[in-house]
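Each protein sequence line maps, in turn, to chains A and B. First residue of the first sequence: 20, per the working numbering; consecutive thereafter. First residue of the second sequence: 205, per the working numbering; consecutive thereafter. Have a look at the structure below, then the notes.
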Amino acid sequence: MNTTKTLLATLLIVSSNTMANTLPTGEQIAKNINARNEGISLSRKMRMVLTDKRGKERIRETVSYRKYFGNEKRTVIHYLTPRNIKKTAFLTFDYPEAEKDDDQWLYLPAMRKVRRISASDRGDYFLGTDFTYEDIKKESKVTLEDYTRKTLREEDLNGNPTYVLKATPVNDEVAEELGYGKVIKWIDKNIWMSRKSEFYDVRGKPLKTIYTEDIKKVDGIWTAHRLKVDNHKTGHKTLFIFSDVIYDKEVRDDFFTQRALRRGL
Amino acid sequence: MIFLPNVHYVAACKYLIRSCLVLTIFASPVASADTTATLLDNTTFNTRIEGEWAVLTKDGSTQKRQLMIEPELKTEVGNDSSITTIVRLRMDEKDNLSPSDHSQTELREFYLNTSIKDSIVILGKQQVVWGKSDGRKVLDIINPQDFREFILDDFDQSRIPLWIVNTEIPINNVTLQLLLIPDQTYHKFATPGSSYQITSPVIIPPGPVGASIQTKPTITPDKILQDADAGFRLSTFTHGWDLSLNYLYHYDDTPVLFRTINITASGLNIDITPQYKRTHLIGGTFSNTFGALTLRGELGYLTDKYISTTNPFDTDGVVKTGELKYVLGFDWYGFTDTLLSTQIFQTYLDNHKTNMIQGQLNTQITFLIKQDYINKTLHAEMLVLHDIDYEDGMLRLKLSYEYNDEINVYAGTDMFYGNKDGLFGQFKETDRFVSGIIIGF
Numbered sequence: 020m021n022t023t024k025t026l027l028a029t030l031l032i033v034s035s036n037t038m039a040n041t042l043p044t045g046e047q048i049a050k051n052i053n054a055r056n057e058g059i060s061l062s063r064k065m066r067m068v069l070t071d072k073r074g075k076e077r078i079r080e081t082v083s084y085r086k087y088f089g090n091e092k093r094t095v096i097h098y099l100t101p102r103n104i105k106k107t108a109f110l111t112f113d114y115p116e117a118e119k120d121d122d123q124w125l126y127l128p129a130m131r132k133v134r135r136i137s138a139s140d141r142g143d144y145f146l147g148t149d150f151t152y153e154d155i156k157k158e159s160k161v162t163l164e165d166y167t168r169k170t171l172r173e174e175d176l177n178g179n180p181t182y183v184l185k186a187t188p189v190n191d192e193v194a195e196e197l198g199y200g201k202v203i204k205w206i207d208k209n210i211w212m213s214r215k216s217e218f219y220d221v222r223g224k225p226l227k228t229i230y231t232e233d234i235k236k237v238d239g240i241w242t243a244h245r246l247k248v249d250n251h252k253t254g255h256k257t258l259f260i261f262s263d264v265i266y267d268k269e270v271r272d273d274f275f276t277q278r279a280l281r282r283g284l
Numbered sequence: 205m206i207f208l209p210n211v212h213y214v215a216a217c218k219y220l221i222r223s224c225l226v227l228t229i230f231a232s233p234v235a236s237a238d239t240t241a242t243l244l245d246n247t248t249f250n251t252r253i254e255g256e257w258a259v260l261t262k263d264g265s266t267q268k269r270q271l272m273i274e275p276e277l278k279t280e281v282g283n284d285s286s287i288t289t290i291v292r293l294r295m296d297e298k299d300n301l302s303p304s305d306h307s308q309t310e311l312r313e314f315y316l317n318t319s320i321k322d323s324i325v326i327l328g329k330q331q332v333v334w335g336k337s338d339g340r341k342v343l344d345i346i347n348p349q350d351f352r353e354f355i356l357d358d359f360d361q362s363r364i365p366l367w368i369v370n371t372e373i374p375i376n377n378v379t380l381q382l383l384l385i386p387d388q389t390y391h392k393f394a395t396p397g398s399s400y401q402i403t404s405p406v407i408i409p410p411g412p413v414g415a416s417i418q419t420k421p422t423i424t425p426d427k428i429l430q431d432a433d434a435g436f437r438l439s440t441f442t443h444g445w446d447l448s449l450n451y452l453y454h455y456d457d458t459p460v461l462f463r464t465i466n467i468t469a470s471g472l473n474i475d476i477t478p479q480y481k482r483t484h485l486i487g488g489t490f491s492n493t494f495g496a497l498t499l500r501g502e503l504g505y506l507t508d509k510y511i512s513t514t515n516p517f518d519t520d521g522v523v524k525t526g527e528l529k530y531v532l533g534f535d536w537y538g539f540t541d542t543l544l545s546t547q548i549f550q551t552y553l554d555n556h557k558t559n560m561i562q563g564q565l566n567t568q569i570t571f572l573i574k575q576d577y578i579n580k581t582l583h584a585e586m587l588v589l590h591d592i593d594y595e596d597g598m599l600r601l602k603l604s605y606e607y608n609d610e611i612n613v614y615a616g617t618d619m620f621y622g623n624k625d626g627l628f629g630q631f632k633e634t635d636r637f638v639s640g641i642i643i644g645f
C-alpha cells in the first residue's frame, strides 16, 4: 500500500514537472507575440462604438495608417466623424529603444494647431475610449520592459488553445504610469495573439477586459477585426470594428508628418 | 426645453441642405445630371449651430443672446484635391457687442486644397496658424482678429480668414511653407459704446485736458500686390525637438495713431490719423517632451513697432521701436486625464522712451487646468491670465458636457479684475455668466 502511494506521488510530481517544463516562459511568449508578422505597413478603417452604462452610444469613424521605418513604428489616426471630433488626428512615433520616450502629436481642429503631447500619459484613456494611449500604440504587441511575465497554465478558450499569462509591472512607478497592477492574458498558441486580456488596477481590483474577436487572415497576416472592452469600474464599453484592412499597400512616408495631420484626409 | 434632433431627421436635413448648397455653388445651367450627381457623391456637409447666452453679473442683464450657424461643405475634386466652403450666419438679439451690427452673413472660408507632387497648395480664404502659445499671441498673427468679444471668443472663431496663397514644400526633413497674402484686412476692434470697446491708456493714448481731438480717416494700404504680406516658415522635427523658423513681412494689424498738434485761437486741436505700417517679423518656435512635461515656446521680433507717447513735444506722437515678444510654456500631463499648463509671456521694447504708453518690459503669466471626466464627455477648465505689471487679469471657468455626438452644452464665467487702466482690468464691469449649446451634424 505504502509502495503504491509512493509510486502515485512520484508520478504526480514527475507529470507536474513535465507539464511545467513544456510551458513556455512568459518572456518567450512575449517575444513570440512581438515577433508576429504585422506587415511593413497597414491601412484600415475603424468604427468606434462607445457605450456608457446607460446604453447611450457615441460613434466615431476613423482612418488609420501604420508603417515601420526600420524598427520604429509610426501610426496616424484621422477622425472622420462625428462633427465635433472630425479632423482630430493623432500621430505617434514608437521607438524600439526602451530608454527613449515615444513622440506623440495631437491635431485639434478647434485650435488649428498640432500639439506635442507627453508620451508618459500612456495610462490615460485615448479620446474617450476604454483603451489607453499605450493600448492604442502597442496594438497587439507588448512592451517587454514594462512587465515581468509568468505562464500560469494552458486553457481552451472558446475552442482556441491558449496559454494563460500573468504580467506584473516591473515596479510601482510603471504600474502607476500604465494604470495597471496586473494583467492576465489568454494568448492563442497557434497565432500568438491575445484573445482575451483581464486588466486589474494598481490596487488589484478588476478594471477592464479586452476581447479580441473576428480574427482572420488578411494578406496572409492574422488580423483582429473586432476589439471589445468592458470597463468594470465605469460600466462603459468600447467596440472597435476594423474594415478595409490592407497590408503593405504603398503608404506614403509623408502621411506620418505634422503637415499631414494639419491637412487631414 | 432643449431641442434634441433625432438621427433620421438630422440625416434628412443634412442631405437636403447639402444638395441645395452643392447645386447653388457648383451647378450651372449647363451642368449635366451626371455631373451634379457626382458632385453630390463627393461632397460632405457639416453644420455647427451655436446658441449662446451671456448675463452680466453686476445687474443680471443680458449681454448677448446669439445664434450662430456655420454650414461647411467639402467637395472632393479628383484624387487629391478638395474645395472647402464655410459660411457664417450670426444673429445677436442684443446690441451690446456690436451695436450697429445685429447680424452678420459672411463667407468665412473658401479654399482649394490640392497637391503638386509632394507639395501642398491651399488657395483661397483661409486661416493659417503659427506658434505654440495658448491664449496670447506671438507668431499667430497671419490672420487678424475680431475683438468684438475682446479675447473671450475661441481664436478659431475670432480669427478673420484671409485670401492667401499657402504652399507647403517638403525638402528632406524640413517643410518650407510659403505665404502670399494679398488681402488688406486688419484687426476689427469692438465698436464705440460696445461692451469690449478698448479704453485702456495702455492702448489708446489719453489726450491733454481741454484739447479738441479729431480722428481722421484711416490710411489703409490698397494695392493688392505691392501691399501684400509675404512670409515663410521652415519647420522640422529633429532629435526630439519640433523647431520652426518664421518670417513675415507684413502690415501690423493695429494702425499707428499718428498725432498732429495745432494751436489755434480756439485752443489746442489734436488730429489723430490712424495708419497701417509695415514691419518685419522674425521668430521661431520649439517644443519637446521630458517625461510628463512638455516644454514649448515661441519668440518673435518686430522691427518696426510704433508706440504712442504722451510727450507733447513729440512731433508725431509715436516712437518707433523694435519689439521682442516671447512665450515659454510648460504642460504637465502627470495626472490622469488632466492637463496643468503655465506660460510666461513677455514683451520688451528695445527703444523705450519716457512717456511711451507702454512700459519697456511687460510680463504676463497664464495658468490653465483642464480635466476630463466620464470618458471625456465632461470637461472642466480654469484659465487665469495675469498681468504682473498692471496687476490685472482674467479668470475663466468653463464646464462642458457632450450630451451625445451632436449636442454639447456648456456653462461658465468670464471675470476680470485689477487695475482699470490695464488691458484686462478695463473690462471689470463686464463680468458675466455664459451658457450655450452647440449642435453639430
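We put the CB at the ideal spot given by N, CA and C, even for glycine.
- For P180/A, the closest Cβ of chain B is not nearer than 8 Å.
- In the structure shown, R135/A falls within a strand segment according to DSSP collapsed to helix, strand and coil.
- Cβ atoms of Y594/B and N623/B come within 8 Å of each other, at about 5 Å.
- According to the DSSP secondary-structure assignment, I641/B is paired through a beta bridge with G255/B and V613/B.
- Counting other Cβ atoms within 10 Å of its Cβ, Q349/B reaches 16 or more and is therefore classed as buried.
- Listed as beta-bridge partners of H583/B by DSSP are D576/B and S604/B.
- It is roughly 14 Å from the alpha-carbon of T489/B to the alpha-carbon of Q381/B.
- Shown in chain order are the members of the stretch 330 to 364 of chain B whose Cβ falls below 7 Å from a Cβ of chain A: Q331, V333, D358 and D360.
- For E297/B, there are no neighbours in chain A by C-beta distance under 8 Å, as the nearest C-beta there is about 25 Å away.
- Between the alpha carbons of L572/B and D263/B lies a gap of roughly 29 Å.
- Secondary structure at E313/B: strand, using DSSP grouped into helix, strand and coil.
- The CB of M130/A comes closer than 9 Å to the CB of V333, D338, D358, F359 and D360 in chain B, given here in chain order.
- The distance from the Cβ of P405/B to that of D625/B is about 5 Å, consistent with a contact at the 8 Å cut-off.
- A check of alpha carbon separations from N209/A across G198/A, K185/A, I203/A and E174/A identifies E174/A as the nearest.
- By the C-beta density criterion, V248/A is buried, having at least 16 other C-beta atoms within 10 angstroms.
- Chain A places a beta carbon closer than 8 Å to that of G644/B, counting this residue as a contact.
- Q401/B is the residue among Y510/B, D475/B, D426/B and Q401/B whose C-alpha sits nearest the C-alpha of L301/B.
- Taking the beta carbon of R500/B as reference, the chain A residues within 7 Å of it are R135, listed in sequence order.
- S448/B has a beta carbon lying at 8 Å or more from every beta carbon in chain A.
- Spanning the alpha carbons of S545/B and R500/B requires a straight line of approximately 11 Å.
- Measuring C-alpha to C-alpha distances from A258/B to each of T498/B, T581/B and E353/B identifies E353/B as the nearest.
- Taking 8 Å as the threshold, the shortest C-beta distance from D322/B to chain A falls below it.
- Taking C-beta atoms as the reference points, D296/B and R269/B count as a pair closer than 8 Å.
- Ranked by Cα distance from H244/A, the first of R55/A, L258/A and K252/A is L258/A.
- For the stretch 244 to 275 of chain B, the residues whose beta carbon sits under 8 Å from a beta carbon of chain A are, in order, N250, T251 and R252.
- When DSSP assignments are scanned along the stretch 39 to 104 of chain A, the uninterrupted stretches of beta strand (DSSP E) that are 3 or more residues long and fall wholly within it turn out to be 60 to 70, 76 to 88 and 91 to 100.
- Residue pairing for S159/A: DSSP places it in no beta bridge.
- In the three-state reduction of the DSSP assignment, D207/A falls in the strand class, which pools E and B.
- Taking 8 Å as the CB threshold, N177/A stays off the interface with chain B.
- Separation of G147/A and P425/B (C-alpha to C-alpha, rounded to the nearest whole angstrom) is 48 Å.
- Taking the beta carbon of K580/B as reference, the chain A residues within 8 Å of it are Y144, L146 and G147, listed in sequence order.
- Looking at the backbone, the Cα of L472/B and that of Y455/B are separated by about 32 Å.
- A check of alpha carbon separations from T266/B across K298/B, I346/B, K329/B and V333/B identifies K298/B as the nearest.
- Shown here for D618/B: same chain residues with a beta carbon closer than 6 Å to its own, the five before and five after excluded, namely L356, R600 and R636 in chain order.
- As the crow flies, the alpha-carbon of L506/B is around 35 Å from that of R294/B.
- For the pair F494/B and D535/B, the Cα-to-Cα distance works out to about 10 Å.
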